[in-house]
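**Q** Chains as they are written, first to last, in our numbering: chain A, 1 to 276; chain B, 1 to 202.
Once you've had a glance at the structure underneath, I'll fire off some questions.
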Amino acid sequence: MMRVLLRPWAMPGVALLLAVWACPALAHRVNVFAYVEGNEVVVECSYSRSERVRFGEIAVQNAATGAVYLTGKTDEKGAFRFPVPPAARAAKADLRIVLRAGEGHQNGSVVTAGEYQMPAASAAPAVPAVSAALAAPAGIATPAASAGPASPASAADPVHSPQMAASPAAIPATTIALSGAAPAGGPPRTGQTDAVPAGAPVVAQAESRGVVLDPAALSALVEAAVEKKIAPLRAILVGEKEKGPGLTEILGGIGWLVGLAGIAAYAGSRRGRPGA
Amino acid sequence: MHISEGVLSGPVLAGGWALAAVGTTLGLKRLDYDRLMTVAMLSAAFFVASLIHVPIGPVSAHLILNGLLGAILGLAAFPAICVALLLQAVLFQYGGLIVLGANTFDMAFPAVLCSLVFGPWLRRTGTVRSVGAFCCGFFAVLLAALLTATALALSGEAFMTTAWAIFLAHLPIMVVEGVITAMAVGFLAKVRPELLSIRLAE
Numbered sequence: 001m002m003r004v005l006l007r008p009w010a011m012p013g014v015a016l017l018l019a020v021w022a023c024p025a026l027a028h029r030v031n032v033f034a035y036v037e038g039n040e041v042v043v044e045c046s047y048s049r050s051e052r053v054r055f056g057e058i059a060v061q062n063a064a065t066g067a068v069y070l071t072g073k074t075d076e077k078g079a080f081r082f083p084v085p086p087a088a089r090a091a092k093a094d095l096r097i098v099l100r101a102g103e104g105h106q107n108g109s110v111v112t113a114g115e116y117q118m119p120a121a122s123a124a125p126a127v128p129a130v131s132a133a134l135a136a137p138a139g140i141a142t143p144a145a146s147a148g149p150a151s152p153a154s155a156a157d158p159v160h161s162p163q164m165a166a167s168p169a170a171i172p173a174t175t176i177a178l179s180g181a182a183p184a185g186g187p188p189r190t191g192q193t194d195a196v197p198a199g200a201p202v203v204a205q206a207e208s209r210g211v212v213l214d215p216a217a218l219s220a221l222v223e224a225a226v227e228k229k230i231a232p233l234r235a236i237l238v239g240e241k242e243k244g245p246g247l248t249e250i251l252g253g254i255g256w257l258v259g260l261a262g263i264a265a266y267a268g269s270r271r272g273r274p275g276a
Numbered sequence: 001m002h003i004s005e006g007v008l009s010g011p012v013l014a015g016g017w018a019l020a021a022v023g024t025t026l027g028l029k030r031l032d033y034d035r036l037m038t039v040a041m042l043s044a045a046f047f048v049a050s051l052i053h054v055p056i057g058p059v060s061a062h063l064i065l066n067g068l069l070g071a072i073l074g075l076a077a078f079p080a081i082c083v084a085l086l087l088q089a090v091l092f093q094y095g096g097l098i099v100l101g102a103n104t105f106d107m108a109f110p111a112v113l114c115s116l117v118f119g120p121w122l123r124r125t126g127t128v129r130s131v132g133a134f135c136c137g138f139f140a141v142l143l144a145a146l147l148t149a150t151a152l153a154l155s156g157e158a159f160m161t162t163a164w165a166i167f168l169a170h171l172p173i174m175v176v177e178g179v180i181t182a183m184a185v186g187f188l189a190k191v192r193p194e195l196l197s198i199r200l201a202e
């Protein structure tokens, strides 16, 4: 019987698969995941783990007033990135990112002002530390071996930023080895604190290239390193958000339905079953 | 087919709620207490069906089963679908609470309409019954797609593009649902024929 039914529909069905190919996915809901990366906001849109929202319409609004800052479309991979609108930055406004995937699918995500202003805020305290480090090579570079004059000069800055200086110092030190970009911020510091023979070659290298560290470059390096570290964590978060309902929800829902029917049946039996 | 929160305009939402309320009230009035468990079971089937993804070529679509609910429950499909959608909105975040009325009407009205139109065929035997059940499943999804497109069109989306997109995306599902409904009705006719004997128009 089923074969008889299937057959007439099989041909148009197969033919229409080609048409369906170009269609957006059939989905229940769309996921929007937005995060700040440097000066930009990155939005990732998906129907499910494997199904991205391609060319979905994005609108970036002021979360409080609803004023639209900018609009755009997601790319092939469901991603959309935009620089934080200057107007929003000035107003310290939260950004609401609304995705309209068409066919009634819509979702949104909010990026608060605190999130996107953090890079700027953290860059500010970093600047004195870096400029202190920038000043140091001048004193250090020539008498690198004699740590004597350098240590009183830099005695002031370890006082107010020992911990702060520790982390930027570590990162450029590794990036020097990898990329040879040679920002001078890190090496002098290791030169001062550690044994002279270990620090000296690095300082010499930095000096020979004559690279002066730009605060923006340092913050970019730090940001890149942190970004690399948290990328897997972010992937986990996105995956968590894209996960469909679990067994708990499904069984819970069925339990509700059975329970509701039970209540209705109880009410019906109390009423003396008018139908019977 | 779940319309998300915040897409539809106010009047459409209100209209959806009004129509869904009427349908649900009528459905509850018709609801025979002897058939309560049937309604609950089919409601559960509807609730779970949207989680069952059917891989059709490159896309995977999920079942709706509103045609089956219509075929067996008649008007009682309204409360069954309404409760199942409510639970889906709360537990799965599919659709939403404000848009629940519109979503209920979009899916339950085609179910009831199909059971009115094709119901008499279901109480026949053999091929006629199978064809009737297939039509129930097929046209319930088709009408649901059209109603969804209409709701979106009334809220500003271009009707033809939306309707066409939804229609194309759901064509395989229509066929699959038709087949499933025909199989389920065929099975029920053998095992529990009294389930199919509802009279709607009385």
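Note that CB positions come from ideal geometry on N, CA and C, so glycine has one too.
1) Would A:Phe82 and A:Val41 be called neighbours here (beta carbons separated by less than 8 Å)?
2) Going along the chain, which residues of its own chain have a beta-carbon closer than 7 Å to the beta-carbon of B:Gly6, five neighbours each way excluded?
3) Does the beta carbon of A:Ala64 sit closer than 8 Å to a beta carbon anywhere in chain B?
4) Per DSSP, which residues does A:Lys73 bridge with? Please list them.
5) Since B:Ala20 and B:Thr104 are thought to touch, with beta carbons under 8 Å apart, how far apart are those beta carbons, to the nearest angstrom?
6) Might you give, ordered along the chain, the residues of its own chain that have their beta carbon closer than 6 Å to the beta carbon of A:Val60, omitting 5 neighbours on each side?
7) Could you compute how far the alpha carbon of B:Val108 sits from the alpha carbon of B:Asn66?
8) Answer with yes or no whether the minimum CB distance from B:Ile72 to chain A is below 8 Å.
9) Would you say B:Ile52 lies against chain A (beta-carbon separation less than 8 Å)?
10) If you check the beta carbons only, do B:Ser115 and B:Ala71 fall under 8 Å apart?
11) Between A:Pro63 and the rest of its own chain, which residues show a CB-CB distance below 6 Å, the 5 nearest in sequence each way excluded?
12) Give the range of the alpha helix (DSSP H) segment to which B:Arg129 is assigned.
13) Let me see if you follow: with CB-CB separation under 8 Å, is A:Ala67 close to chain B or not?
14) How is A:Glu223 classed by DSSP in three states: helix, strand or coil?
15) Sort B:Ala145, B:Val141 and B:His170 by Cα distance to B:Phe159 and report the nearest one.
16) Between which residues of its own chain and B:Leu113 is the CB-CB distance below 7 Å, once the five residues before and five after are set aside?
17) Please report the distance separating the alpha-carbon of A:Phe55 from that of A:Thr74.
18) Is A:Val98 helix, strand or coil by DSSP?
19) Hey, is the stretch 235-245 of chain A in contact with the stretch 77-85 of chain B, meaning 3+ C-beta pairs nearer than 8 Å?
20) Output needed for B:Thr181: all residues of its chain with C-beta closer than 7 Å, excluding positions within five of it in sequence on either side, in chain order.
21) Cβ atoms of B:Tyr94 and A:Arg29: under 8 Å apart, would you say?
22) Report back the beta-carbon spacing between B:Leu42 and B:Ser50 to the nearest angstrom; my notes put them in contact at under 8 Å.
23) Three or more beta-carbon pairs under 8 Å between the stretch 79-92 of chain B and the stretch 163-170 of chain B, yes or no?
24) Could you tell me which chain A residues have their CB closer than 7 Å to the CB of B:Leu215, listed as they occur along the chain?
25) In angstroms with no decimal places, state the Cα-to-Cα distance between A:Arg89 and A:Thr65.
26) Name the two residues that bound the continuous beta strand (DSSP E) containing B:Arg192.
27) Tell me the rounded alpha-carbon separation between A:Ile250 and B:Phe187.
28) Compare the Cα-Cα distances from A:Lys228 to each of A:Phe33, A:Gly38, A:Val32 and A:Lys243 and report the closest residue.
29) Nearest to B:Gly126 by alpha carbon, out of B:Ala189, B:Ile52 and B:Glu157?
30) Once the 5 residues before and after B:Thr24 are set aside, which same chain residues still bring their CB inside 6 Å of it?
31) Taking CB distances under 8 Å as the criterion, tell me whether B:Thr181 reaches chain A.
32) List, in chain order, every chain B residue whose beta-carbon is nearer than 8 Å to that of A:Val258.
33) Suppose the cutoff is 8 Å on Cβ atoms and the five residues either side in sequence are ignored; what does the same chain contact list for B:Leu196 look like?
34) Could you give the DSSP three-state label for A:Ala138: helix, strand or coil?
35) Quick check on A:Gly107 - is its C-beta less than 8 Å from some C-beta in chain B?
36) Could you tell me the boundaries of the alpha helix (DSSP H) in which A:Ala88 lies?
**A** For this structure:
1) For the 8 Å CB-CB criterion, A:Phe82 and A:Val41 form a contact.
2) Excluding positions up to five away in sequence, the list is empty.
3) no
4) A:Glu57
5) 4 Å
6) The beta carbon of A:Val60 lies closer than 6 Å to those of Tyr69, Leu70, Leu95 and Ile97 in the same chain, with the five residues before and after it left out.
7) Going by the sequence as given, residue 108 of chain B is Ala instead of Val. Cα to Cα, the separation comes out at about 7 Å.
8) no
9) no
10) yes
11) Rather than Pro, the amino acid found at residue 63 of chain A in this sequence is Ala. Residues of the same chain with a CB within less than 6 Å of the CB of A:Ala63, apart from the 5 flanking positions on each side, are Asp94, Arg96 and Val110 in chain order.
12) Gly126 to Leu154
13) no
14) helix
15) B:Ala145
16) Leu143
17) 5 Å
18) strand
19) no
20) These residues qualify, in order along the chain: Gly67, Leu68, Ala71, Ala133, Phe134, Cys136 and Gly137.
21) yes
22) Not a contact, Cβ separation roughly 14 Å.
23) no
24) Outside the displayed span of chain B (1 to 202) sits residue 215 of chain B, for which this structure offers no information.
25) 15 Å
26) No beta strand (DSSP E) contains B:Arg192, which DSSP labels as neither H nor E.
27) If you draw a straight line from the Cα of A:Ile250 to the Cα of B:Phe187, it is about 26 Å long.
28) A:Gly38
29) B:Ala189
30) Phe78, Pro79 and Cys82
31) Closer than 8 Å: no.
32) Ala40 and Ala44
33) Ala71, Ile72, Leu122, Arg123, Val185, Leu188 and Ala189
34) Unreliable placement is indicated for A:Ala138, whose pLDDT of 43 sits below 50; the coordinate value is still reported in the next sentence. If DSSP states are grouped into helix, strand and coil, A:Ala138 belongs with the helices.
35) Reading off the sequence, residue 107 of chain A comes out as Asn, not Gly. Closer than 8 Å: yes.
36) Pro86 to Ala91
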